[in-house]
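In our numbering, the protein residues as written are 8 to 395. Since the structure comes first, as structure tokens, the remarks are kept for the end.
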Amino acid sequence: MQYRELGKTKENVSILGFGGMRLPTKGSNDNIDEIKANEILSYGITNGINIIDTAYPYHSAGIDGNGNSETFIGKFLKENNYRDDVLISTKSPSWLIEEKGDFEYYLDKQLKKLQTDSIDIYLLHALSEDDWNKIRKLRVLDFLDDCLSSGKIKHVGFSSHCEIDTFVNILDAYPKWEVVLTQMNYLDEYYQTGIMGLDQLKQLNIGSMIMEPLRGGRLVQNIPPEVQKIWDTAELKRTPVEWALEYLWNRDDVDCVLSGMNSLEQVKQNIQIASNVKEISQHDKELIRQVARTYRKLTGNECTSCGYCMPCPEGIDIVNCFKEYNIGKILNNPKGSALQYFTLIDDGSKADSCTNCRNCEFVCPQMLNIPEELKKVDEYFGREFNHF
Ligand code: SF4
Ligand code: SF4
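As structure tokens, then:
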């Protein structure tokens with residue numbers, strides 16, 4: 008495992024961090040498979056991972072619910088005596104804050120769930136311009152000052168899916184930011200804050216943590232033949248996971264890449280790559296740009312399967328509707344995906360059952376207009392395939 012200094016925190020973090028939003032589950036997202044999750048987290052820690060990232064709602068039954076990821080991680084660290092071996096990063100649910108006292112209410116709840124007296128890295132979660140304006144009025148920065156003084160929090164930061172202007176405003180507002188979590192992969196250099204955001208962080212010596220390194224799996228599953236053809240001309244052949252992770256670790260403005268691993272095989276594979284990061288030649292960097300251009304032309308929408316929009320009150324299986332749609336588009340195989348779409352997704356859970364109630368409005372970190380995208384899914388698969 009390789010390690011890098013996390014900006015001004017001076018913490019020496021493993022370049023691969025364990026993301027706690029896609030732990031193995033049994034049946035439903037809120038039911039963590041503790042035996043499997045124990046196994047993969049233990050393997051990760053004993054093989055050098057020293058940072059685990061979670062958040063208040065991860066592995067919850069509802070969009071805004073109190074999730075089980077923090078609870079499981081707290082129990083896991085306590086029972087295995089690992090607390091001193093890892094940094095815990097978790098997040099304040101900024102969209103749930105209605106009054107000043109709520110900041111402390113959620114933090115105290117999270118300390119209890121995580122069975123610890125102090126959070127190593129506390130991030131304001133998924134700041135949008137509106138949430139930022141709201142929590143600033145509720146004096147969030149005073150709250151952070153108090154927590155840093157009392158020791159309840161060691162390092163503060165935020166995570167964002169916003170555009171660069173809002174990002175810079177947030178950075179400018181507080182000199183004590185030490186860590187920022189942003190979305191980055193080779194498809195997203197110019198999406199959300201992208202490389203401009205990373206450059207800002209480097210200039211300010213703020214630690215950078217990266218989410219969505221595999222773009223919700225899109226960069227490593229169902230590789231389109233057009234993309235494979237480009238990879239086949241590389242000077243150094245790599246697997247799709249190696250391309251995605253080594254692209255990030257070849258950047259000197261990336262400190263730690265979070266991966267939401269949910270199988271032992273994935274953990275072993277990612278640790279192996281993180282232990283021997285190979286330099287990418289100029290020739291192969293150009294191939295990455297070509298691959299990114301090719302994906303952009305092929306893709307349907309930007310869904311990363313994060314599940315924040317689920318459950319939908321009408322029972323729409325948004326994640327799988329978009330997944331089959333995007334696979335069909337990327338592989339240019341609507342018929343193949345339609346077979347999956349009509350057989351795997353129950354009637355009533357398909358795109359055509361969306362009532363446009365707009366309950367899912369504003370929850371998508373990729374800023375997707377979900378009902379509009381569902382209309383496209385319905386049109387794409389259309390009636391002509393509806394005979395499976
Ligand atoms: S708009 Fe459609 S997808 Fe969104 S919550 Fe309502 S029914 Fe579900
Ligand atoms: S539509 Fe948005 S919120 Fe829902 S799974 Fe996709 S990326 Fe996540």
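Every residue, glycine too, gets a C-beta built ideally from N, C-alpha and C.
Subject >> Boundaries (first-last residue) of the beta strand (DSSP E) holding Ser-166 >> reply: 160-167
Original post:
Is there at least one non-hydrogen atom of ligand 2 closer than 7 Å to the beta-carbon of Tyr-198?
Top reply: Not so, every heavy atom of ligand 2 lies at least 7 Å from the Cβ.
Subject >> Beta-carbon separation (whole angstroms), Thr-123 vs Gly-74, contact threshold 8 Å >> reply: No, Thr-123 and Gly-74 are not in contact; Cβ-Cβ is about 17 Å, not under 8 Å.
Original post:
Is Lys-275 helix, strand or coil by DSSP?
Top reply: helix
**OP:** Could you name each continuous beta strand (DSSP E) segment of 3 residues or more that falls completely within the region 94-147, going from the start of the chain to the end?
**Re:** 94-99 and 126-134
Original post:
Between the Cα of Leu-178 and the Cα atoms of Gln-190, Asn-212 and Ile-287, which residue gives the shortest distance?
Top reply: Asn-212
**OP:** Please state whether DSSP places Thr-200 in a helix, a strand or coil.
**Re:** coil
Original post:
For Asn-333, which three-state DSSP category applies?
Top reply: In the structure shown, Asn-333 falls within a helical segment according to DSSP collapsed to helix, strand and coil.
**OP:** Given a cut-off of 8 Å, decide if Ile-128 and Leu-94 are closer than it, judged by their beta-carbon atoms.
**Re:** yes
Original post:
Where does Glu-386 fall in DSSP's three states?
Top reply: helix
Subject >> C-alpha distance - Arg-245 paired with Ser-312, whole-angstrom precision >> reply: 25 Å
Subject >> ligand 1 site residues, beta-carbon cut 7 Å against heavy atoms >> reply: Chain-ordered list of matching residues: Cys-316, Cys-319, Pro-320, Glu-321, Ile-323, Ile-325, Cys-361, Thr-362, Asn-363, Cys-364, Arg-365, Asn-366, Cys-367, Ile-377, Pro-378 and Leu-381.
Original post:
Can the beta-carbon of Ile-217 be found less than 8 Å from the beta-carbon of Thr-200?
Top reply: no
Subject >> Ser-35 - partner residues in DSSP beta bridges >> reply: DSSP output for Ser-35 lists no bridge partner at all.
**OP:** Kindly list the residues whose CB is nearer than 8 Å to the CB of Asn-333, restricted to its own chain and excluding five residues on each side of it in sequence; keep chain order.
**Re:** Arg-225, Thr-306, Gly-307, Asn-308 and Cys-310
**OP:** Could you tell me which residues DSSP pairs with Ser-270 in its beta bridges?
**Re:** In DSSP, Ser-270 forms no bridge with anything.
Original post:
Can Cys-310 be considered in contact with ligand 2, in the sense that its beta carbon sits closer than 7 Å to one or more heavy atoms?
Top reply: yes
Original post:
On the premise that Val-264 lies in contact with Leu-252, defined as a C-beta separation below 8 Å, what is that separation, rounded to the nearest angstrom?
Top reply: 6 Å
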